[in-house]
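Visitor: The structure follows.
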Amino acid sequence: MPCALSICDDGDMAQMKQTSGQGYLLEARKVSKSFGDFTANDGIDFAIRPGEILALLGENGAGKSTFVKMIYGLLRPDSGGFFWQSEPLSLSSPQQAREMGIGMVFQHFSLFEMLTVAENIELALQGAHDRSRLAELIIEKSTAYGIPLDPDSLVADLSVSQRQRVEILRCLLQNPKLLIMDEPTSVLTPQEANQLFDVIEQLAGSGCAVLFISHKLDEVKRLTKRAVILRGGRKVADVDSKKQSAGELAALMVGDEVAHIKRQSAPKQSLPRLSITSLSRPAEGPFNVALKQIDMIVNQGEILGIAGIAGNGQTELMDALTGEWTDRNADMSIMLHRDDQQDIELGRAGPAERRKAGVGFVPEERNGHAAIGEFSLSENALLTTHHIRQASRYDLVNDSFCHQFSEQVTSNFDVRLPAKNPQASQLSGGNLQKFVVGREIMKSPKLLVVSQPTWGVDIGAAIFIRKAMLQLAEAGGAVIMISQDLEEIFSISHRIAVLNDGRLSQIYDAASLTAQKVGLLMGGAE
4 MPCALSICDD
14 GDMAQMKQTS
24 GQGYLLEARK
34 VSKSFGDFTA
44 NDGIDFAIRP
54 GEILALLGEN
64 GAGKSTFVKM
74 IYGLLRPDSG
84 GFFWQSEPLS
94 LSSPQQAREM
104 GIGMVFQHFS
114 LFEMLTVAEN
124 IELALQGAHD
134 RSRLAELIIE
144 KSTAYGIPLD
154 PDSLVADLSV
164 SQRQRVEILR
174 CLLQNPKLLI
184 MDEPTSVLTP
194 QEANQLFDVI
204 EQLAGSGCAV
214 LFISHKLDEV
224 KRLTKRAVIL
234 RGGRKVADVD
244 SKKQSAGELA
254 ALMVGDEVAH
264 IKRQSAPKQS
274 LPRLSITSLS
284 RPAEGPFNVA
294 LKQIDMIVNQ
304 GEILGIAGIA
314 GNGQTELMDA
324 LTGEWTDRNA
334 DMSIMLHRDD
344 QQDIELGRAG
354 PAERRKAGVG
364 FVPEERNGHA
374 AIGEFSLSEN
384 ALLTTHHIRQ
394 ASRYDLVNDS
404 FCHQFSEQVT
414 SNFDVRLPAK
424 NPQASQLSGG
434 NLQKFVVGRE
444 IMKSPKLLVV
454 SQPTWGVDIG
464 AAIFIRKAML
474 QLAEAGGAVI
484 MISQDLEEIF
494 SISHRIAVLN
504 DGRLSQIYDA
514 ASLTAQKVGL
524 LMGGAE
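Under my numbering, the first residue of the sequence shown carries the number 4, and numbering increases by one thereafter.
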């Protein structure tokens, strides 16, 4: 019969109970989980004490998400067991986990877009609630935590960072004893992240245990004292995170020293690849931002980094660049300059026309926007290659080409698969991101427009993706990279601009800027 979230006999249960540690809030003993022939977790031992902030580290696909999903009642292990305050823990749903005092902030949002902030939060709370009192509580607590929210806002109208705030607040209002946070700062500004760290430290001071999953090792070193590291589904280290350097932690994660990126200088005599003149866009809702007279030139062989705090027009700019938003009456120009001197006006073209012209796109949200979870990888490959002659002819899909192209992407971009041609939803976040980026770069676009290219991916995958963008630029392509990660902006951008309140700053050579200067621009100093 099931026990401790596992299938084991009474003898196993008695032995694990006898060896369960004292003083732990949650303990795992030899926990394993497989999906077919793929072993996601292999005999993991783990323990966390009340009031401890513990980091769980590993590459994408190392088994972190599977492990915490078992803690949260979303999955059941095949063997081994969990203990809660030395007693066997048996959960069959997240609701039971929440009742026990286990809360989780997911990396990928679990919100209903057509409901308000208050309605989404109410769904996760136990019992009936007075709506007006709940609204007051949301305003009070979100302000106190430094993540202010309007309870009456529709989630569909919120920026990505605001949606993350809803996820975090919804969890905090459940008064958890154990809080699992999966990449909670991936879409927060540095200021918002610092405020969240203060909240986490307050929670730990009151006795709440925090299991912190992050690929930002500077955050790990600042916030935690201990790190458990998974690699290939196994626990490979349990270390003092304060005493380890970021490089040593990264090496434990990937099993080797992590390579560094060396950005080459952009060609001094390069020709323009994209010219934008007088791009303006009205705000289409109370939570949208108007774009105001944006002009820019992006040259062949360069990466233009566009920094900014979330909610300052990044989504609106991305939509205008991809063709998901057009205005046939607008007095603006988006001109693609081709090698054959045949310039193409794209301002009124949709996404399909722009792809045919040689533009590739990687949107911010990989799930649902860049990829369809229920589709296989070969089907997802077709989504942005259907205009290529080999992919389809006479409205018939060439399955052989799609499979071959998908396999080339997964091979060239080191996409680690749980099965042959799996559904996109079966991939870890970082591996899906590598597939989405690789799908575009493999077509050798003249221009690549990418938003948050390494959001929520591990350090190894992030370096892989950044190197791929640099190689595309070195081959003569141009890249527009919209990112909130200043480290990323400075590591590979040849030139940098900042988006603030729908306005684009002057474009600067990256070598002439400091993080402090960019921070001032992000705050609207100019």
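Glycine residues also receive a C-beta, built at the ideal position from the N, C-alpha and C atoms.
DSSP beta-bridge partners for F49?
Guide: Per DSSP, A31.
Visitor: For the alpha helix (DSSP H) containing M525, list its first residue and its last residue.
Guide: Here the alpha helix (DSSP H) through M525 covers A518 to M525.
Visitor: Thinking C-alpha only, which one of E305, D45, T388 and I300 is nearest G363?
Guide: Comparing Cα-Cα distances from G363 to each of E305, D45, T388 and I300, the minimum goes to T388.
Visitor: Who are the Cβ neighbours of S2 in its own chain at under 8 Å, not counting the five residues just before and after it?
Guide: Beyond the ends of the chain as shown, which are 4 and 529, falls residue 2; an answer cannot be given.
Visitor: Between the alpha carbons of K67 and L282, how many angstroms are there, rounded?
Guide: Cα-Cα distance, rounded: 43 Å.
Visitor: Might you give, ordered along the chain, the residues of its own chain that have their beta carbon closer than 6 Å to the beta carbon of V71, omitting 5 neighbours on each side?
Guide: Excluding positions up to five away in sequence, the list reads I183.
Visitor: Once DSSP output is grouped into helix, strand and coil, what is the label at I297?
Guide: Strand, per DSSP.
Visitor: With DSSP as the reference, label Q426 as helix, strand or coil.
Guide: Strand.
Visitor: Between the alpha carbons of K234 and I492, how many angstroms are there, rounded?
Guide: The amino acid at residue 234 is misidentified as Lys; the sequence shows Arg. About 28 Å.
Visitor: By alpha-carbon positions, which one of S145, A127, E122 and K144 ends up nearest to R134?
Guide: It is E122 whose Cα lies nearest to the Cα of R134.
Visitor: Whole-angstrom Cβ separation of G304 and A464, contact assumed at under 8 Å?
Guide: The pair is not a contact, with the Cβ atoms about 25 Å apart (cut-off 8 Å).
Visitor: Under a three-way DSSP split, which group does T318 fall into?
Guide: Residue state, collapsed to three classes: helix.
Visitor: Pairing CB atoms from the region 45-63 with CB atoms from the region 218-232, are three or more of them under 8 Å?
Guide: These segments touch.
Visitor: Would you give the residue range spanned by the beta strand (DSSP E) that K238 belongs to?
Guide: Looking at the DSSP string, the run of the beta strand (DSSP E) that includes K238 is R237 to D243.
Visitor: Note down, in chain order, each residue of its chain lying with its Cβ closer than 6 Å to the Cβ of L78, except the 5 sequence neighbours on either side.
Guide: Hits under 6 Å: K72.
Visitor: Return the chain-ordered list of same chain residues with a C-beta closer than 7 Å to the C-beta of G24, the five sequence neighbours on each side being excluded.
Guide: Per-residue confidence for G24 stands at a pLDDT of 46, beneath the threshold of 50, marking its modelled position as unreliable; the derived number appears in the next sentence. Excluding positions up to five away in sequence, the list reads E30 and A50.
Visitor: Pop quiz: A373 and V418 are said to be a contact at Cβ under 8 Å. What is the actual Cβ separation, rounded to whole angstroms?
Guide: Their Cβ separation, rounded to whole angstroms, is 14 Å, which puts A373 and V418 out of contact at 8 Å.
Visitor: Can you give the beta carbon distance from P151 to T119, rounded, assuming they're within the 8 Å contact cut?
Guide: Not quite, the Cβ-Cβ distance comes to about 15 Å (not below 8 Å), so this is no contact.
Visitor: Judging by CA-CA distance, which residue of I203, F416, N424 and N415 is the nearest neighbour of S403?
Guide: Closest option to S403, Cα to Cα, is N424.
Visitor: Report yes or no: do three or more beta-carbon pairs, one from the region 502-509 and one from the region 328-340, lie closer than 8 Å?
Guide: At 8 Å Cβ cutoff, the stretches do not touch.
Visitor: Measure the beta-carbon distance from G316 to L294 and round it to whole angstroms, keeping in mind my assumption that it falls under 8 Å.
Guide: About 6 Å; that satisfies the 8 Å criterion.
Visitor: Taking the alpha-carbon positions, what's the L140 to G26 distance?
Guide: Their Cα atoms are separated by approximately 33 Å.
Visitor: Taking Cβ to Cβ, would you say M299 is nearer than 7 Å to S454?
Guide: No, these two residues do not count as a Cβ contact at 7 Å.
Visitor: What are the boundary residues of the beta strand (DSSP E) that N503 is part of?
Guide: Unbroken beta strand (DSSP E) run through N503: R498 to N503.
Visitor: From this set, V169, P456 and E382, which residue's C-alpha is nearest E368's C-alpha?
Guide: Cα-wise, what sits closest to E368 is P456.
Visitor: Rounded to a whole number of angstroms, what is the C-alpha to C-alpha distance between A360 and V460?
Guide: Each residue's alpha carbon lies about 30 Å from the other.
Visitor: Where does the unbroken alpha helix (DSSP H) through M484 begin, and where does it stop?
Guide: From DSSP, M484 is part of no alpha helix (DSSP H) but of the beta strand (DSSP E) over A481 to I485.
Visitor: When DSSP labels each residue in this structure, what does T188 get in the three-state scheme?
Guide: Reduced to three states, the DSSP call for T188 is coil.
Visitor: Report the option in T517, E410 and E356 whose CA atom is closest to the CA atom of S379.
Guide: Checked all of T517, E410 and E356; the closest Cα to S379 is E410.
Visitor: On the DSSP letters alone, give me the boundaries of the beta strand (DSSP E) that G84 sits inside.
Guide: Run containing G84: S82 to W87, per the beta strand (DSSP E) assignment.
Visitor: Let's see if you can read the secondary structure: which residues bound the alpha helix (DSSP H) around T69?
Guide: Unbroken alpha helix (DSSP H) run through T69: K67 to I74.
Visitor: Which one or two residues does DSSP pair with V231 in a beta bridge?
Guide: DSSP output for V231 lists L59 and D241 as bridge partner(s).
Visitor: Going by alpha carbons, who is nearest to A500 out of I485, E490 and S494?
Guide: Of I485, E490 and S494, the residue nearest in Cα terms is I485.
Visitor: Given that a residue counts as buried once 16 or more other Cβ atoms are within 10 Å of its Cβ, and exposed if not, what is D488?
Guide: Buried, because 16 or more other Cβ atoms sit within 10 Å of the Cβ of D488.
Visitor: Please look up how many angstroms separate the CB atoms of G46 and S37, rounded, as I've assumed it's under 8 Å.
Guide: No, G46 and S37 are not in contact; Cβ-Cβ is about 12 Å, not under 8 Å.
Visitor: Going by DSSP, which residues form a beta bridge with P91?
Guide: Note: P91 sits in a beta bridge opposite F86.
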